[in-house]
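The numbering used here numbers the first residue of the sequence shown as 3 and each following residue consecutively. A virtual CB, placed ideally from N, CA and C, is assigned to each residue, including glycine. All values derive from a computational prediction rather than experimental measurement. Below you'll find the structure, written out as structure tokens, and then a few comments.
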Amino acid sequence: MNWWRRVSPRTETAGYTSVARTHVGKVRLVNEDRFLDAAAQRLWIVVDGMGGHSAGDVAATMTVQSLAKVADDPQISLRKISAALVAVNNAIEAMLSGQGKTGGATFAGLWINGLVAHIFWLGDSRVYRLRGGMMKRLTSDHSLVQALLDSGAIDAGAASRHPQANVVTRALGIDRDAIPEFRRCDVEPGDQFFVCSDGVTSELSDCEITACLSMGPADAADCLTDLVQTAGARDNMTFILITKVE
Numbered sequence: 003m004n005w006w007r008r009v010s011p012r013t014e015t016a017g018y019t020s021v022a023r024t025h026v027g028k029v030r031l032v033n034e035d036r037f038l039d040a041a042a043q044r045l046w047i048v049v050d051g052m053g054g055h056s057a058g059d060v061a062a063t064m065t066v067q068s069l070a071k072v073a074d075d076p077q078i079s080l081r082k083i084s085a086a087l088v089a090v091n092n093a094i095e096a097m098l099s100g101q102g103k104t105g106g107a108t109f110a111g112l113w114i115n116g117l118v119a120h121i122f123w124l125g126d127s128r129v130y131r132l133r134g135g136m137m138k139r140l141t142s143d144h145s146l147v148q149a150l151l152d153s154g155a156i157d158a159g160a161a162s163r164h165p166q167a168n169v170v171t172r173a174l175g176i177d178r179d180a181i182p183e184f185r186r187c188d189v190e191p192g193d194q195f196f197v198c199s200d201g202v203t204s205e206l207s208d209c210e211i212t213a214c215l216s217m218g219p220a221d222a223a224d225c226l227t228d229l230v231q232t233a234g235a236r237d238n239m240t241f242i243l244i245t246k247v248e
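Below is the structure:
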């Protein structure tokens with residue numbers, strides 16, 4: 003298992019390969035992103051901290067450590083994942099409140115059980131699936147811009163230029179009643195899952211991401227990292243690419 007500013011080498015286990023990358027970017031001084039790459043347990047999560055040093059990065063670390071404990075459980079379940087997320091949400095809120103700080107964390111995670119992928123998230127970190135060259139987003143942002151899109155108040159073009167594009171409506175540590183969203187989908191041979199923070203999606207279009215993912219895991223990771231850097235890397239960037247090889 004790897005987290006916090008470490009580059010995960012490509013690993014192959016239990017019919018899956020996974021490769022993870024994280025980078026502070028060109029603007030931020032602190033990398034508040036964290037990730038868990040527990041390929042042997044088929045559990046992955048990317049966490050995007052908010053609030054700066056000793057707030058966002060601590061919240062993100064707490065979240066990853068909480069899920070790492072679930073990964074160590076020989077009988078992982080959705081109930082245990084959900085309970086860990088609820089518990090860490092309360093712990094982050096208490097930590098920030100006790101220190102008089104504001105912050106929190108968004109996250110997107112994936113647990114594969116048999117031929118079913120379970121996706122869970124809060125905020126604007128995302129999970130995508132690439133199948134047969136077609137990419138599909140499996141999460142819907144908990145954000146002001148997404149709410150405006152859903153209501154028809156703005157279109158996709160306006161959303162990409164919206165001045166409050168970074169405003170999230172749900173995140174860990176902000177609200178004790180924040181409930182992670184879950185969904186499930188089937189898994190087929192050759193499927194690729196892409197879990198990422200908004201430091202990737204704020205810089206790259208879906209078409210650019212799809213083009214990189216078609217290159218294969220190692221080359222795709224290099225391609226994505228290079229493109230984000232070229233685009234400006236205004237935020238921390240973290241992603242995990244998971245491929246079913248059976």
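Return the CA-CA distance between residue 97 and residue 194, expressed in angstroms with no decimal places. 36 Å
Which whole-angstrom value describes the C-beta separation of residue 111 and residue 123, a residue pair presumed to lie in contact below a C-beta threshold of 8 Å? 7 Å
By the DSSP assignment, the beta strand (DSSP E) with residue 107 in it spans what residues? First-last of the beta strand (DSSP E) with residue 107: 106 to 115.
Mapping DSSP to helix, strand and coil, what is residue 94? Note: residue 94 maps to helix in three-state DSSP.
Count the C-beta pairs between the stretch 181 to 190 and the stretch 58 to 72 that are closer than 8 Å, then say yes if the count reaches three, no if not. no
Quick one: what's got a C-beta closer than 6 Å to residue 29's C-beta in the same chain, skipping five residues either side? 236
Give me the residue from 210, 213, 180, 198 with the minimum Cα distance to residue 91. Nearest C-alpha to residue 91: 180.
Cβ neighbour criterion (16 or more within 10 Å) applied to residue 211: buried
Within 8 Å, strictly: CB atoms of residue 197 and residue 72: no
As assigned by DSSP and simplified to three states, the class of residue 224: If DSSP states are grouped into helix, strand and coil, residue 224 belongs with the helices.
Beta-carbon proximity check, residue 70 vs residue 38, cutoff 8 Å: yes
On a Cα-Cα basis, can you pick out the residue from 113, 27, 66 that is closest to residue 42? 113
Roughly how far, in whole angstroms, is the beta-carbon of residue 118 from the beta-carbon of residue 189, given that I think they are within contact range, below 8 Å? 7 Å
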